[in-house]
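Student: A single structure is presented below for examination.
Number of protein chains: 2
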Amino acid sequence: MHTARVSTIAFISAAFVLFSTALSAQQPPVPASGAWLDGYREPAARLIGEAMSSRAAWERLALIGDTYGNRLSGSQALEDAIQWAVQEMKRDGLENVHTEPAKVAHWVRGQESAEITAPGRHQLVMLGLGNSVGTPPEGVEAEVLVVRSFQELDASADRVKGHIVLFNVPYTNYGETVQYRSTGPSRAATLGAVAVLVRSVGPPGLRTPHTGALRYSDSAPKIPAAAITTEDADRLQRMQERGTKTRVRLKMEAKMLPDADSFNVVGEIRGREKPDEVVLVSGHFDSWDVGTGSTDDGGGCVVTWEALRLMKKLNLRPRRTVRVVLWTNEENGGRGGLAYRDRHKDQLAGHVLMMESDSGVFRPTGFGFTGSDAGRATVKQIATLLRGIQADAISAAGDGADIGPSVEAGKMPSMSLDVDGNYFLIHHTPADTIDKIDPMDMSRASAAIAVMAYVIADMPERLR
Amino acid sequence: MHTARVSTIAFISAAFVLFSTALSAQQPPVPASGAWLDGYREPAARLIGEAMSSRAAWERLALIGDTYGNRLSGSQALEDAIQWAVQEMKRDGLENVHTEPAKVAHWVRGQESAEITAPGRHQLVMLGLGNSVGTPPEGVEAEVLVVRSFQELDASADRVKGHIVLFNVPYTNYGETVQYRSTGPSRAATLGAVAVLVRSVGPPGLRTPHTGALRYSDSAPKIPAAAITTEDADRLQRMQERGTKTRVRLKMEAKMLPDADSFNVVGEIRGREKPDEVVLVSGHFDSWDVGTGSTDDGGGCVVTWEALRLMKKLNLRPRRTVRVVLWTNEENGGRGGLAYRDRHKDQLAGHVLMMESDSGVFRPTGFGFTGSDAGRATVKQIATLLRGIQADAISAAGDGADIGPSVEAGKMPSMSLDVDGNYFLIHHTPADTIDKIDPMDMSRASAAIAVMAYVIADMPERLR
Numbered sequence: 080m081h082t083a084r085v086s087t088i089a090f091i092s093a094a095f096v097l098f099s100t101a102l103s104a105q106q107p108p109v110p111a112s113g114a115w116l117d118g119y120r121e122p123a124a125r126l127i128g129e130a131m132s133s134r135a136a137w138e139r140l141a142l143i144g145d146t147y148g149n150r151l152s153g154s155q156a157l158e159d160a161i162q163w164a165v166q167e168m169k170r171d172g173l174e175n176v177h178t179e180p181a182k183v184a185h186w187v188r189g190q191e192s193a194e195i196t197a198p199g200r201h202q203l204v205m206l207g208l209g210n211s212v213g214t215p216p217e218g219v220e221a222e223v224l225v226v227r228s229f230q231e232l233d234a235s236a237d238r239v240k241g242h243i244v245l246f247n248v249p250y251t252n253y254g255e256t257v258q259y260r261s262t263g264p265s266r267a268a269t270l271g272a273v274a275v276l277v278r279s280v281g282p283p284g285l286r287t288p289h290t291g292a293l294r295y296s297d298s299a300p301k302i303p304a305a306a307i308t309t310e311d312a313d314r315l316q317r318m319q320e321r322g323t324k325t326r327v328r329l330k331m332e333a334k335m336l337p338d339a340d341s342f343n344v345v346g347e348i349r350g351r352e353k354p355d356e357v358v359l360v361s362g363h364f365d366s367w368d369v370g371t372g373s374t375d376d377g378g379g380c381v382v383t384w385e386a387l388r389l390m391k392k393l394n395l396r397p398r399r400t401v402r403v404v405l406w407t408n409e410e411n412g413g414r415g416g417l418a419y420r421d422r423h424k425d426q427l428a429g430h431v432l433m434m435e436s437d438s439g440v441f442r443p444t445g446f447g448f449t450g451s452d453a454g455r456a457t458v459k460q461i462a463t464l465l466r467g468i469q470a471d472a473i474s475a476a477g478d479g480a481d482i483g484p485s486v487e488a489g490k491m492p493s494m495s496l497d498v499d500g501n502y503f504l505i506h507h508t509p510a511d512t513i514d515k516i517d518p519m520d521m522s523r524a525s526a527a528i529a530v531m532a533y534v535i536a537d538m539p540e541r542l543r
Numbered sequence: 080m081h082t083a084r085v086s087t088i089a090f091i092s093a094a095f096v097l098f099s100t101a102l103s104a105q106q107p108p109v110p111a112s113g114a115w116l117d118g119y120r121e122p123a124a125r126l127i128g129e130a131m132s133s134r135a136a137w138e139r140l141a142l143i144g145d146t147y148g149n150r151l152s153g154s155q156a157l158e159d160a161i162q163w164a165v166q167e168m169k170r171d172g173l174e175n176v177h178t179e180p181a182k183v184a185h186w187v188r189g190q191e192s193a194e195i196t197a198p199g200r201h202q203l204v205m206l207g208l209g210n211s212v213g214t215p216p217e218g219v220e221a222e223v224l225v226v227r228s229f230q231e232l233d234a235s236a237d238r239v240k241g242h243i244v245l246f247n248v249p250y251t252n253y254g255e256t257v258q259y260r261s262t263g264p265s266r267a268a269t270l271g272a273v274a275v276l277v278r279s280v281g282p283p284g285l286r287t288p289h290t291g292a293l294r295y296s297d298s299a300p301k302i303p304a305a306a307i308t309t310e311d312a313d314r315l316q317r318m319q320e321r322g323t324k325t326r327v328r329l330k331m332e333a334k335m336l337p338d339a340d341s342f343n344v345v346g347e348i349r350g351r352e353k354p355d356e357v358v359l360v361s362g363h364f365d366s367w368d369v370g371t372g373s374t375d376d377g378g379g380c381v382v383t384w385e386a387l388r389l390m391k392k393l394n395l396r397p398r399r400t401v402r403v404v405l406w407t408n409e410e411n412g413g414r415g416g417l418a419y420r421d422r423h424k425d426q427l428a429g430h431v432l433m434m435e436s437d438s439g440v441f442r443p444t445g446f447g448f449t450g451s452d453a454g455r456a457t458v459k460q461i462a463t464l465l466r467g468i469q470a471d472a473i474s475a476a477g478d479g480a481d482i483g484p485s486v487e488a489g490k491m492p493s494m495s496l497d498v499d500g501n502y503f504l505i506h507h508t509p510a511d512t513i514d515k516i517d518p519m520d521m522s523r524a525s526a527a528i529a530v531m532a533y534v535i536a537d538m539p540e541r542l543r
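Listed in order, the protein sequences are those of chains A and B. Take 80 as the starting number for the first sequence in my numbering and just add one per residue. Take 80 as the starting number for the second sequence in my numbering and just add one per residue.
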């Protein structure tokens, strides 16, 4: 019943669109006038109302973290959570619920530690970097050389050999600082370093270490690498500045195992008119092996999934298919996103839009959008439906690590959920847990994604 | 030269005091009028200026934390730091620098861990409680019973046996909440619990565990006990509320060794007229065995010590002796404070005042004072000299764990440094490190203590 009513409204709205398009050839295909949108005010209000009147999204995310904990690729916890999600999506009434296989990286951390061994003996708070090799059982012990930048590393090139290099680079933003984590180990190894420590890539916390992936270069020896806290990095810096020779022992059992079997989880609301045209929303279900991966990126999974659950609950079946994908292996391989691209290469032309939420579910401000000006104009119009929950800003670019390969192959527009929060204080740390997330922010994010995805999937003309 | 000049000023000031006392018998012995204080404006300004024009206090505290790390009673690090402090006080030119022995508790943590073993396997972030017994090598594994209060424990009395009890008590303030850490283990043991977990006593951090001492009752079996983070405590609470039976394994190598030898460190500026009358300022040099004990209580040691260094540097020798004591064993025994009381029992009558700084060195607001109304009036007058650095508030009570025994035995006034900061977020955690402390706050605190101690030690009449 609801579906029929909405269709009628959509039809009237469509008529407005065609009319106004015909009148002005200079306008983008979807007109700047908001008239066509009026038909979506009622379903938008219902989606927002349903989302904002419960804590369902937060409760589901809490359940995932409490029950399965963190979910690194290759772990039983991830596979258990994937199987649970399939069952839950079916219970929600989503359609065509299934998994799609991907071979994923299988790195395991094992026991690990780092300590200052001279002067004195002092435990450092650390997390080995993802993909790192381990150390011999007795560890690697050497004098520490602290550098503040690659420039400083190169200037000290003749002193690197046999040392543990610490990159103590103050956090500015993720993009700028993360290169020391990803490429620092190989750059130091090229100069003869025996191991690398990296100041955690994030703002200062409470002795909070941040893991994350490194990327070995093929031309350098693979040496073990770990993140230490900002506190410990600054301590080693001060000791060096005082002229104190400081030795550190790093012990890591880390190793890369053969690729493991994993799966993307897929669920849908099938389109009532154009089921092969797909609006895809997504998050990644794998996480680092610390905390419970609630912010990175359990929350993104739950709020995009929730968008479909809300439509289903309200009997809102759009013209096109809305598909949710919970990606596997974003953190250390991106194999889920690659598998989707390869498996669906012949259907990518039917993908209207791909969206990923992977910046945490803090206060949603709107969406990033990458696509044509016409598409951007339409998305901006749709976003006006989200003014009431202050999630109506459309920023310059919207992308995601998992949707990237398909977006590139399919030349389609892409979006991401924009949020305002302390993502980089939390993500990749033991503190990435459910309590950092406000239930109302999750409801708002679910509402925003539901409205955006529903309207794009339902509007008469395909998003350009 | 400076000393002579100050003495002259002090003398003039003293004349004012005597004159005005004679005029009005109803006034407290030190007059409410601020006239007597005028002679102290110049030395106060010099002390403040010297403190505020350098980062000496912060740099010293950083050096202690960087070099010696944390300093639990019985550890080599504490004894090394004590010997270093003696040498440093001598280099500063303090007088009568020496150590005074105390037999201290010697508890060692060893390796420890806690994990959920069903459903799934999930590491908990924990710290064993100080003074706890250990577990057998294979650990203690049992189903968890979560309670929110002692009342809830008693109401569940028949379900405690064979369980690990988790006290998940939201933090209100330290005094109210800490009882679950100190007495909770024995209360649960009485009802048959096999181990205890305690929600960390402090506000939520970033998966930050807080250690601290427990106190076993003689009448209950000694069971192992550990603090877990607020995040993990809430996770176990949610699981219980969902009806999930959750098992935890706790492993702790903790044990109490025979008492160890340690020392209070003492240094002085000897009084020029009444050397046997003593104004004592202090902090405790021992810490828990996590972080670097910078806030609890390296900072208190350094700023009280700094008060004497500043006087010495400026050649300000007061009428009475100013003594700094760095106490040993505050955290798990209080034996340093007891040893002082016993050793000096015949000299306590000569103690004018004892002060302790053990609330961290965040923004100083003034002092707590416990003593007579007349004494309070005087202290309030002296505090007016600290208005410029906004450290002039005198609050209702000033005490300290280490000065307590002597203050009680000697019936003397006591003071503490009051500060405004996140003490209970940091203390007893791995995040108790130097970076949490603002160098300027340390300078302000040093200045405030220096001025307060100097004037009390120098004013003609002894503080009532």
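Heads up, the beta-carbon is just placed ideally off N, CA and C, and yes, glycines get one too.
1. Starting from the beta carbon of E310 of chain B, find every residue of chain A whose beta carbon is closer than 9 Å, and list them in chain order.
2. Whole beta strand (DSSP E) runs in the segment 190-262 of chain A with 3 or more residues, listed along the chain?
3. If I'm right that E191 of chain A touches G207 of chain A with Cβ under 8 Å, what's the distance once you round it to whole angstroms?
4. For K334 of chain B, tell me which candidate among B:A221, B:K301, B:F448 and B:P282 has the shortest Cα-Cα distance.
5. Using a Cβ-Cβ cut-off of 8 Å, state whether D520 of chain A counts as contacting chain B.
6. Which same chain residues end up closer than 6 Å to F448 of chain A when comparing Cβ atoms and leaving out the 5 residues on each side of it in sequence?
7. Kindly list, in the order they appear in chain A, the residues whose Cβ is closer than 7 Å to that of A156 of chain B.
8. Put P303 of chain B into one of helix, strand or coil per three-state DSSP.
9. Curious, which full-length beta strand (DSSP E) runs of at least 3 residues does the segment 506-533 of chain B contain?
10. Let me confirm a value: G281 of chain A is counted as buried when at least 16 other C-beta atoms fall within 10 Å, else exposed. Which label applies?
11. So, M521 of chain A versus W137 of chain A, is the Cβ gap smaller than 8 Å?
12. Tell me, to the nearest whole angstrom, how far the beta carbon of S235 of chain A is from that of L224 of chain A; I am working on the premise that it is less than 8 Å.
13. Please list, in chain order, the residues of the segment 268-286 of chain B that have any C-beta partner in chain A closer than 9 Å.
14. Please list, in chain order, the residues of the segment 292-320 of chain B that have any C-beta partner in chain A closer than 7 Å.
15. With a threshold of 16 other CB atoms inside 10 Å of the CB of P249 of chain B, please say whether the residue is buried or exposed.
16. Are the C-beta atoms of G148 of chain B and some chain A residue less than 8 Å apart?
17. Considering only residues of the same chain and omitting the five flanking positions on each side of R200 of chain B, which have a CB-CB separation below 8 Å?
18. So T400 of chain A is in the beta strand (DSSP E); what residue range does that whole segment cover?
19. Using a Cβ cut-off of 8 Å (strictly closer), state whether A536 of chain A contacts chain B.
20. Count the other CB atoms, across all protein chains shown, that sit within 10 Å of the CB of S373 of chain A; report buried if there are 16 or more and exposed otherwise.
21. Determine whether the Cβ of V204 of chain B lies closer than 8 Å to any Cβ atom of chain A.
22. At what residue ranges does the segment 412-466 of chain B contain a whole run of the alpha helix (DSSP H), taking only runs of 4 or more?
23. Compare the C-beta of D145 of chain A with all C-beta atoms of chain B and state if any pair is closer than 8 Å.
24. Distance, Cα to Cα, P107 of chain B vs P354 of chain B?
25. Decide yes or no for the touch test of the segment 347-367 of chain A against the segment 419-429 of chain A: beta carbon pairs closer than 8 Å, at least 3 of them.
26. Mark Q460 of chain B as exposed unless 16 or more other C-beta atoms lie within 10 angstroms of its C-beta, in which case mark it buried.
27. Please report whether the beta-carbon of A141 of chain A lies at a distance below 8 Å from any beta-carbon of chain B.
28. If you compare alpha carbons, which of A:I482, A:L151, A:M491 and A:G445 is closest to A475 of chain A?
29. Roughly how many whole angstroms lie between the Cα atoms of K324 of chain A and T371 of chain A?
30. Relative to the C-alpha of R328 of chain A, which candidate in A:L203, A:V431 and A:V401 has its C-alpha closest?
31. Let me know if G118 of chain A comes out buried or exposed under the rule of 16 or more other beta-carbons within 10 Å of its beta-carbon.
32. Identify whether A536 of chain B lies in helix, strand or coil by the three-state DSSP scheme.
33. On a Cα-Cα basis, can you pick out the residue from B:R120, B:R139, B:A135 and B:A164 that is closest to T407 of chain B?
34. What's the gap between the Cα of G479 of chain A and the Cα of D375 of chain A?
35. Helix, strand or coil, according to DSSP, for T371 of chain A in the structure here?
36. Just the C-alpha distance for L140 of chain A and E487 of chain A, rounded to the nearest angstrom, thanks.
Tutor: From the atom records:
1. G370, T371, P509, A510, T512, I513, D514 and K515
2. 191-197, 201-203, 205-207, 219-226 and 243-246
3. 5 Å
4. B:K301
5. Chain B, which has no Cβ nearer than 8 Å to the Cβ of D520 of chain A, makes this no.
6. R455, V458, I473, G477 and M494
7. G199
8. coil
9. DSSP runs (the beta strand (DSSP E)) wholly in the segment 506-533 of chain B: none.
10. Classification of G281 of chain A: buried, given that the 10 Å Cβ count is 16 or more.
11. yes
12. 6 Å
13. P283, G284, L285 and R286
14. Taking 7 Å as the Cβ-Cβ cut-off against chain A, the residues of the segment 292-320 of chain B that qualify are E310, D313, R314, R317 and M318.
15. Looking at its Cβ environment, which holds fewer than 16 other Cβ atoms inside 10 Å, P249 of chain B is exposed.
16. yes
17. Residues of the same chain with a CB within less than 8 Å of the CB of R200 of chain B, apart from the 5 flanking positions on each side, are E194 in chain order.
18. R399 to W406
19. no
20. buried
21. yes
22. Fully enclosed alpha helix (DSSP H) runs of 4 or longer: 414-422 and 452-462.
23. yes
24. Bear in mind that the predicted position of P107 of chain B carries a pLDDT of just 44, short of 50, making it unreliable; the figure below should be weighed with that in mind. Distance between the alpha carbons of P107 of chain B and P354 of chain B is about 25 Å.
25. yes
26. buried
27. yes
28. A:G445
29. 38 Å
30. A:L203
31. buried
32. helix
33. B:A164
34. For G479 of chain A and D375 of chain A, the distance between alpha carbons rounds to 13 Å.
35. coil
36. 30 Å
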